[in-house]
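In my numbering, the protein residues as written are 5 to 293.
Have a look at this one:
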């Protein structure tokens, strides 16, 4: 076993370094798109925190999902968040699998450019929606009598800009239609459905998305309408953007996969040039989107 590790470790390290060089060159071309996507995540959080100042607690609205699904209660409030964390972390690790595994179809930088496009479009619609009408939050901390149900006017701009982190992120009220957790979940599942390779994982991912939906309702974090709107909005947004965004280069053929065995200097230079040339040809349209 030790001999196998000693033999394979240098190969894996060379593969990681080669892949990193490719991804760095892609990042140099697409860093503006990545940065814009990250900045918008903060803008989305700022908007969600801002609507909390407008929230006014009231009686929980009549909801079909609340009638059909038993309430988990405050003691099991964490279950839906645990599942979401699992989905998020699993997908994040998958997007970086080309650094380790030989069989790969994606470039990490390019896949995240696409993910951010889905997220920004869906979150923009979400911001417009929850600012249009503020509903009384069904969450326990949004009920009348809770200290977090109404936010006092901010004492400084800094309090708003910093989103009262982390309490302001975890215990928000008013940003209901539609669910942000379902935006991320559906974007991740759809992305793996399109670019993933394991059919069983695809089916399992959709099952987790359904379970996540039911748990959010059972936890009383969102109304059923928040989940329903998320399901058709995110899928329609992704369907529309798929027709507008350029196709990603497919690496599944293995022709562009960096070798694990040592090459001579001449062969190595030729392989690297061929990899970069194919990469640039496949990504020429991506930088113009």
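Ideal Cβ placement from N, Cα and C applies to all residues, glycine included.
Predicted model only: the values in this text are computed from it and were never measured.
Rounded to a whole number of angstroms, what is the C-alpha to C-alpha distance between residue i and residue j?
i: residue 184; j: residue 165; result: 20 Å
i: residue 225; j: residue 132; result: 20 Å
i: residue 195; j: residue 118; result: 9 Å
i: residue 222; j: residue 231; result: 12 Å
i: residue 109; j: residue 155; result: 47 Å
i: residue 289; j: residue 247; result: Its pLDDT being 42, under 50, residue 289 is placed unreliably by the model, and nothing is read from it.
i: residue 197; j: residue 203; result: 8 Å
i: residue 268; j: residue 106; result: Confidence in residue 268 is poor, its pLDDT being 40 and thus under 50, which makes the residue's placement unreliable; the coordinate value appears in the next sentence. Looking at the two C-alpha atoms, the distance is approximately 20 Å.
i: residue 58; j: residue 33; result: 41 Å
i: residue 220; j: residue 190; result: 14 Å
i: residue 99; j: residue 193; result: 12 Å
i: residue 234; j: residue 127; result: 10 Å
i: residue 151; j: residue 138; result: 18 Å
i: residue 174; j: residue 14; result: 43 Å
i: residue 210; j: residue 93; result: 16 Å
i: residue 76; j: residue 17; result: 46 Å
i: residue 270; j: residue 97; result: Confidence is the limiting factor: at residue 270 the pLDDT is only 45, short of 50, which leaves the residue's position unreliable and the question unanswerable from this model.
i: residue 236; j: residue 162; result: 36 Å
i: residue 243; j: residue 149; result: 43 Å
i: residue 255; j: residue 46; result: 33 Å
i: residue 25; j: residue 101; result: 15 Å
i: residue 250; j: residue 62; result: 47 Å
Secondary structure at residue i, three-state DSSP: helix, strand or coil?
i: residue 78; result: helix
i: residue 182; result: coil
i: residue 159; result: coil
i: residue 48; result: helix
i: residue 144; result: helix
i: residue 59; result: coil
i: residue 85; result: helix
i: residue 107; result: coil
i: residue 332; result: The displayed coordinates of the chain run from 5 to 293. Any statement about residue 332 would go beyond what the structure contains.
i: residue 271; result: Because residue 271 sits at a pLDDT of 47, beneath the cut-off of 50, its placement in the model cannot be relied upon, and the point is left open.
i: residue 36; result: helix
i: residue 237; result: helix
i: residue 192; result: helix
i: residue 247; result: helix
i: residue 16; result: helix
i: residue 177; result: coil
i: residue 53; result: helix
i: residue 70; result: helix
i: residue 136; result: helix
i: residue 152; result: coil
i: residue 230; result: helix
i: residue 94; result: helix
i: residue 166; result: coil
So residue i and residue j are in contact, right, with Cβ under 8 Å, and what is the actual spacing, rounded?
i: residue 103; j: residue 20; result: 5 Å
i: residue 78; j: residue 144; result: 5 Å
i: residue 111; j: residue 30; result: 6 Å
i: residue 241; j: residue 51; result: Contact flag wrong, Cβ pair sits at about 17 Å.
i: residue 120; j: residue 41; result: 3 Å
Short check: CB of residue i to CB of residue j, under 8 Å?
i: residue 134; j: residue 55; result: yes
i: residue 115; j: residue 245; result: no
i: residue 53; j: residue 176; result: yes
i: residue 238; j: residue 187; result: yes
i: residue 216; j: residue 84; result: yes
i: residue 201; j: residue 69; result: no
i: residue 212; j: residue 87; result: yes
i: residue 140; j: residue 60; result: yes
i: residue 142; j: residue 22; result: no
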